[in-house]
Amino acid sequence: MANQLPIPQRIAIAAHANVPGGIEKGKEIAGFLKERGVEKVASGLLQDPALIQRIEAGEFDLLIALGGDGTMLRAGSIGAPLGLPILGINFGHFGFLAEIQQNQCRELLPLLLEGRYRLEERMLLHAEHIRDGKSLESWIVVNEVVVCRGQFVRPIQIQAEVDGYLLTSYVADGLIAATPTGSTAYALAVGGPIMPPDLHNIMIIPVAPHLSVDRAIILSEGVGVTMTVRTTHEAVVSVDGRAPIPMLNGDSVRVTTNDFTLHFVRFQDPGYFYRNLTTYMGQNPMTGSRQ
1059 MANQLPIPQR IAIAAHANVP GGIEKGKEIA GFLKERGVEK VASGLLQDPA
1109 LIQRIEAGEF DLLIALGGDG TMLRAGSIGA PLGLPILGIN FGHFGFLAEI
1159 QQNQCRELLP LLLEGRYRLE ERMLLHAEHI RDGKSLESWI VVNEVVVCRG
1209 QFVRPIQIQA EVDGYLLTSY VADGLIAATP TGSTAYALAV GGPIMPPDLH
1259 NIMIIPVAPH LSVDRAIILS EGVGVTMTVR TTHEAVVSVD GRAPIPMLNG
1309 DSVRVTTNDF TLHFVRFQDP GYFYRNLTTY MGQNPMTGSR Q
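Just add 1058 to the spot in the sequence shown (first one is 1) and you have our numbering.
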């Protein structure tokens, strides 16, 4: 690394509850860090309210997340408002967002304690569910916001407005608004382009459009999108793969660039993103539950 970064001395380690032996693995990593002089280390589950409360109280200057890509999404939404960098150790099926594989901990963690790493900044979104002009709920978004049909296998109409101007109305199973990070997730699965992680643009892309615009659209930096549903049956909104929330006819989801940004700890050079694409695109390890 060209410039040495601060050496973290207060580290939280959070394992996803679905990681087999996650608590034990977290304790093992904690012991490894303590042996090398880290002043304060705490480990537990990412679903543990007590640990999350300590993280949100500002007790730590680094969060190590143990799990797969779903774990990284959850850790990112926790860490970003605090300016807390995230280091991912892959214990999941895919691990596209994680930096370290399980067998690399003893090799790469010492680099962290020497300040030999870099911080990769990633754009986040702010999504807000609006009904009759009132905000019902809002979220920090790492990957994507999806407005889509519910259990009825019928398309819905989704009106897309870009900064207040009507773009188009889709008749489709759904509409995705994704970050560059999310361009390699659901948006990729429905045929969207891959965006480098350092961009700050929102991409919108329909899911199974019927006689509608069927191409992804990448918005200018700083531009937001509002997705309004028109339907006589069920529609839902889901953020980063979480449980869907029902939407009524006329409900909107407003998506804008978030004031917060997410920082991932990286030991690799920036070209890793393109090298990993060729590695991951030739395999499909996504079996079992998402972590």
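Backbone N, C-alpha and C define an ideal beta-carbon position, used for all residues, glycine too.
Using a Cβ-Cβ cut-off of 8 angstroms (strictly less than) and excluding sequence neighbours within five positions of residue i, which residues of its own chain qualify?
i	result
residue 1277	1220, 1259, 1260, 1261, 1262, 1283
residue 1060	Unreliable placement is indicated for residue 1060, whose pLDDT of 45 sits below 50; the coordinate value is still reported in the next sentence. Excluding positions up to five away in sequence, the list is empty.
residue 1154	1127, 1242, 1334, 1338
So the alpha helix (DSSP H) residue i belongs to, where does it begin and stop?
i	result
residue 1111	1107-1114
residue 1176	No alpha helix (DSSP H) holds residue 1176; the beta strand (DSSP E) holding it covers 1176-1189.
residue 1091	1080-1093
residue 1247	1244-1247
How is the beta strand (DSSP E) around residue i delimited, first residue to last?
i	result
residue 1202	1202-1207
residue 1293	1293-1297
residue 1263	1261-1265
residue 1303	1303-1305
Can you pull the DSSP bridge partners for residue i?
i	result
residue 1270	Its beta-bridge partners do not exist; DSSP assigns none.
residue 1353	In the structure as shown, the chain begins at 1059 and stops at 1349. Residue 1353 is therefore absent and cannot be evaluated.
residue 1195	1187
residue 1101	1071
residue 1319	1181
residue 1223	1220
residue 1324	1176
residue 1311	1187, 1285
residue 1275	1262
With burial defined as no fewer than 16 other Cβ atoms inside 10 Å of the residue's Cβ, what is the status of residue i: buried or exposed?
i	result
residue 1309	buried
residue 1210	exposed
residue 1293	buried
residue 1164	exposed
residue 1212	exposed
residue 1223	exposed
residue 1238	buried
residue 1321	buried
residue 1083	buried
residue 1254	exposed
residue 1108	exposed
residue 1179	exposed
residue 1332	exposed
residue 1306	exposed
residue 1161	exposed
residue 1264	buried
residue 1269	exposed
residue 1315	buried
residue 1121	buried
Can you list, in chain order, the residues of its chain with a C-beta nearer than 6 angstroms to that of residue i? Leave out the 5 residues immediately preceding and following it.
i	result
residue 1193	1186
residue 1119	1066, 1068
residue 1125	1074, 1077, 1149, 1150, 1349
residue 1217	1227, 1286
residue 1085	1101
residue 1088	1071, 1099, 1101
Considering only residues of the same chain and omitting the five flanking positions on each side of residue i, which have a CB-CB separation below 7 angstroms?
i	result
residue 1251	1241, 1274
residue 1318	1138, 1139, 1182, 1198
residue 1246	1252
>> If we require 4 or more residues per run, which alpha helix (DSSP H) segments fall completely within the stretch 1112-1171?
In response: 1127-1137, 1163-1170
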